[in-house]
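For the sequence shown, our numbering gives the first residue as 14, with consecutive numbering after it. Beta carbons: idealized from backbone N, C-alpha and C, even for Gly. Computed from a prediction, not measured in an experiment: that's the story for all the values here. As structure tokens, the structure follows; a few thoughts come after it.
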Amino acid sequence: MCPPGCLHSICENATRRGLLKAGFTLGLGAAAAATLPTVPRAEAATTSFTDTVDLSHALYEGFPTFSGEKWFTVEHLVTFAKDKVNLNRWTIVEHSGTHMDAPIHFSADGLTADMIPISDLIVPVAVINIAARAAENADTSLTPDDIKAWESKNGPLPEGCCVVMNSGWHKLVGDPKFTGNDNEKRNHTPGFHVETAQFLIGERKVKGIGVDTLSLDTGLNSGGAFPVHYEWLGSGRWGVECLANLDAIPESGARLFLGIPRVKGATGGPTRVIALL
Numbered sequence: 014m015c016p017p018g019c020l021h022s023i024c025e026n027a028t029r030r031g032l033l034k035a036g037f038t039l040g041l042g043a044a045a046a047a048t049l050p051t052v053p054r055a056e057a058a059t060t061s062f063t064d065t066v067d068l069s070h071a072l073y074e075g076f077p078t079f080s081g082e083k084w085f086t087v088e089h090l091v092t093f094a095k096d097k098v099n100l101n102r103w104t105i106v107e108h109s110g111t112h113m114d115a116p117i118h119f120s121a122d123g124l125t126a127d128m129i130p131i132s133d134l135i136v137p138v139a140v141i142n143i144a145a146r147a148a149e150n151a152d153t154s155l156t157p158d159d160i161k162a163w164e165s166k167n168g169p170l171p172e173g174c175c176v177v178m179n180s181g182w183h184k185l186v187g188d189p190k191f192t193g194n195d196n197e198k199r200n201h202t203p204g205f206h207v208e209t210a211q212f213l214i215g216e217r218k219v220k221g222i223g224v225d226t227l228s229l230d231t232g233l234n235s236g237g238a239f240p241v242h243y244e245w246l247g248s249g250r251w252g253v254e255c256l257a258n259l260d261a262i263p264e265s266g267a268r269l270f271l272g273i274p275r276v277k278g279a280t281g282g283p284t285r286v287i288a289l290l
């Protein structure tokens, strides 16, 4: 751990020596490259794409939470105007903004985020649109019948896919409806039904589920019960919450890449989710 003033001193020295513009940056790149897993050529060739869509919301101070508490803050430790370097300190709750839920989040001994295999983070995606129903009833949920209706149109769910709910909530960030908080402090937002989680676990080969809301569960089930979280994450699978731009990707045929920081022991974390088209 750096003693007080260490970071400031390093940045000033790096600026004077030109390291930030040259060797310092290259060193970081080389170190990062050294940690990347080796991917066999044949496996890498099986995934191709011609376009990308960012499915992540930009995280900012005051990003919505069910409770209204601030889960992300930024402190400007060093500024370019004063120090010729910009450097921020983040204080963050793991499950802020667009983020992944690792199995350990709702289980005693599930995988932590850093232990999820890379092969499980690049997967086919099946997008199921319930936006019309959700607009009429914010407490609606994605059901097994929705899965079967998708399959009747698109064929069986791809093996190892992520099933994503598009409720239209991804367009409501900044609107009070996004958290759906009523006068009794209950939250009215769509989510997965627990029977859907059970159906996917027992009858389909699915690696993840995703939502464009704050919770895999409906808002009313996110006040303590969390049946979907316990069922799904407890089965060793992951979830991703607060997805964005879901109307910009097809309901079938795309793949997801989930870029989550590899923090040892993490129960999840902010994630850059990218659709590969």
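State the Cα-Cα distance for the pair G181 and G204, rounded to the nearest angstrom. 11 Å
Would you say G223 and E254 are within 9 Å of each other, going by their C-beta atoms? yes
With the cut-off set at 9 Å, would you say F119 and G247 are in Cβ contact? yes
Using only the alpha-carbon positions, how far apart do L259 and A94 sit? 39 Å
Look up H89 in the DSSP assignment and give the residues it is bridged to. Bridge partners of H89: N101.
Check whether the Cβ atoms of D114 and T226 sit closer than 9 Å, and answer yes or no. no
From the DSSP output, in three-state form, read off T209 for me. helix
P137, enclosing alpha helix (DSSP H) - first and last residue: That residue, P137, is in no alpha helix (DSSP H); its beta strand (DSSP E) goes 135-142.
Could you say which of I273, H183, E264, S235 lies nearest to H70 if we only look at CA atoms? H183
Could you check which residue in V91, V286, D159, H242 has the C-alpha nearest to that of I117? H242
Coil, strand or helix - I273 by DSSP: coil
9 Å Cβ cutoff met for A267 and A288: yes
Straight-line Cα distance separating D159 from R146: 11 Å
For S132, count neighbouring C-beta atoms within 10 Å of its own C-beta (all shown protein chains included) and say buried if the count is 16 or more, exposed if not. exposed
Does DSSP put R268 in a helix, in a strand, or in coil? DSSP places R268 in strand when its eight states are reduced to three.
Extent of the continuous beta strand (DSSP E) run through K220: For K220, the uninterrupted beta strand (DSSP E) segment begins and ends at 219-224.
Rounded straight-line distance, which links the Cα of E172 to that of R217: 8 Å
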